[in-house]
Every structure is written in C-alpha cells, then in structure tokens.
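Below: the structure, in structure tokens.
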C-alpha cells in the first residue's frame with residue numbers, strides 16, 4: 003500500500019518535545035512509516051497565534067530541525083518539490099517530504115517572500131485568525147488587495163490551500179485564479195456542520211479546478227463518536243461530489259488530539275485501507291485516494 007498524506011504538524015511537535023524523526027511519541031516517525039510500500043508526507047509549519055517574532059521562530063526553528071533530521075536519515079527520506087522528485091525518491095526506497103506554510107504570517111503575509119522559500123510547495127493563506135490576506139473560517143471577510151497580490155505571486159510557485167479559509171474568501175479566491183485548488187485537511191460540512199469543513203458547492207468547485215480535497219481525521223470535523231465508518235461516509239460523499247480523481251487524505255496528524263476510534267497514528271492508515279477494502283473499495287480506487295490524487299498536483 004502506498005500513502006501520500008497531505009497535512010501533518012509533526013515538525014512543531016518534534017521541536018516542542020525535543021524528539022527525533024526516526025522514532026518518537028508523535029503520530030508520525032520513520033519507524034511507523036516504514037510499513038508502507040511508498041510514503042510521502044506534506045509537513046506543515048503553522049503560524050498559530052502570536053507576534054511576528056514568534057511567527058519567525060515557528061518557521062525557522064522547526065524547519066531547521068526537520069531538515070537536520072532528514073539529512074541525518076538521508077538513506078530513508080528526502081525533500082521533494084515535484085511529482086518526479088517524489089517518484090525518484092520512492093524508486094530509491096526512500097520516503098518523500100514536502101513542506102507547507104499553514105498561515106502566511108510566517109512570512110509576514112508578504113508576497114515578495116514567496117520566492118525566497120525553498121522546498122515549500124503550498125500555503126494556506128490563514129490559520130484560525132484573520133490576517134492581512136484574508137478571513138479565516140471563523141470570519142466573513144474576503145480576500146484583501148494584499149491577499150490577491152499574494153495569490154498572483156504564488157501562481158506557478160506554490161499551491162494555495164483553502165483549508166482554514168472562510169467561505170467568502172474561498173469564493174473570492176475561486177474568482178481570482180484558474181489554478182488547481184487544494185483543501186489539504188477538510189471534511190464535508192453537510193455531514194458535520196463545522197466551519198472548517200467544506201460545503202457541497204465548495205467540494206464540487208475544487209474538483210472543477212482540477213484540485214483535491216484531503217480528508218481530516220480530527221474527530222470534531224468528522225462527527226461525534228467518529229470511527230472508520232464515519233471516515234468512509236465522508237470519503238463516499240467526497241467521491242460522489244468530486245469524483246475519484248479529486249479525493250485524498252490529509253490526516254492533520256500531530257495537529258489534533260482527538261482521532262477516530264481505532265486510529266492511533268500514521269500506521270493506522272493500514273487498518274483504514276483494510277476496512278475500506280472490506281467495504282468494497284477496489285485497490286485502484288484506494289490507490290487514487292491514498293496516493294495518486296495528491297501526487298498529480300505536483
């Protein structure tokens with residue numbers, strides 16, 4: 003089984019806990035991911051709440067730590083920006099690491115700093131607060147003029163991730179760009195009415211851009227007493243609205259403290275895969291969901 007997961011917060015947790023990427027108490031480490039036939043992970047660096055100085059530390063220090071660990075274990079993992087680089091790493095028996103900004107405050111919401119980033123493939127404009135670019139999921143603010151400039155600057159350089167974005171800002175973005183849109187870690191609002199989840203219209207529109215929606219494993223975004231069947235219902239709804247080429251996984255591992263029953267860490271994706279096979283999902287469809295649909299974006 004191949005796995006490409008679209009969102010985790012492991013770098014911050016490693017930094018806070020003083021642990022290593024090789025083996026740790028987090029949801030993701032190299033020991034756990036060695037169980038997959040091929041593995042790719044988008045590692046997010048989150049702005050959280052804080053001052054500009056705190057935001058700089060939240061990027062530079064966890065980033066240095068992650069890169070140091072990847073370099074130390076370069077026989078097992080490498081950094082990648084493109085699908086071709088991911089394939090090359092997998093052909094060598096290595097895992098692939100991609101990088102994401104979760105909140106543009108990490109670069110001062112400055113479009114000019116986009117070109118200075120190395121190995122960052124995607125960016126959410128906001129986290130859980132409004133900023134100079136846009137309104138978050140708790141807000142009815144749209145894109146600002148600076149937000150529009152940021153999106154234009156990002157085109158061809160990084161994907162815009164609409165997870166955490168407010169509804170008005172989402173539709174502003176869709177009017178502004180014809181690039182594929184990614185919602186790396188969001189679920190279905192019609193099944194679980196949370197502002198972090200996507201409406202049916204939003205799900206359809208993401209697919210129409212050629213983009214992808216990654217399913218989030220955080221219980222409050224799935225529904226009360228969530229289990230593997232809850233996950234399947236969200237996936238099934240996404241598949242019905244988006245089609246099999248536009249549904250993926252973005253577990254939010256190491257960024258959430260409530261996982262579905264039966265899900266302990268990244269290795270639990272193996273159990274989820276087996277559950278879905280038992281529900282009649284064939285291997286080709288599951289390879290799209292678990293791997294190919296994210297790969298095609300890069």
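Numbering (the working numbering), first residue to last: 3 to 300. Where a beta carbon is used, it is the ideal one built from N, C-alpha and C, also for glycine. Owing to the predicted nature of the structure, the values given are computational and were not obtained by experimental measurement.
CA-to-CA, the gap between residue 204 and residue 156 works out to about 21 Å.
Taking every protein chain shown into account, the CB of residue 281 has fewer than 16 other CB atoms within 10 angstroms, so this residue is exposed.
Looking only at 101, 114, 33, the smallest Cα-Cα distance to residue 120 is reached by 101. In this structure, residue 116 and residue 159 form a Cβ contact; the two beta carbons are roughly 6 Å apart against a cut-off of 8 Å. DSSP lists 48, 126 as the beta-bridge partner residues of residue 104. Residue 70 is classed as exposed because its beta carbon has fewer than 16 other beta carbons within 10 Å across all chains shown.
Residue range 147-156 is occupied by the alpha helix (DSSP H) that includes residue 147.
By the neighbour-count criterion, in which 16 or more other beta carbons inside 10 Å mark a residue as buried, residue 218 falls on the buried side. Rounded to whole angstroms, the separation of the alpha carbons of residue 33 and residue 172 is 38 Å. In the three-state reduction of the DSSP assignment, residue 6 falls in the strand class, which pools E and B. Rounded to whole angstroms, the separation of the alpha carbons of residue 103 and residue 196 is 23 Å. A distance below 7 Å between beta-carbons, with the five flanking residues on each side excluded, links residue 222 to the following residues of its chain, in chain order: 196, 260. Nearest C-alpha to residue 9 among 194, 186, 235, 285: 186. Counting only the Cα atoms, residue 258 lies some 27 Å from residue 283.
Straight-line measurement puts the Cα of residue 272 at about 20 Å from the Cα of residue 246.
A distance below 8 Å separates the beta carbons of residue 98 and residue 80. DSSP places residue 138 within a strand segment (E or B) once states are collapsed to three.
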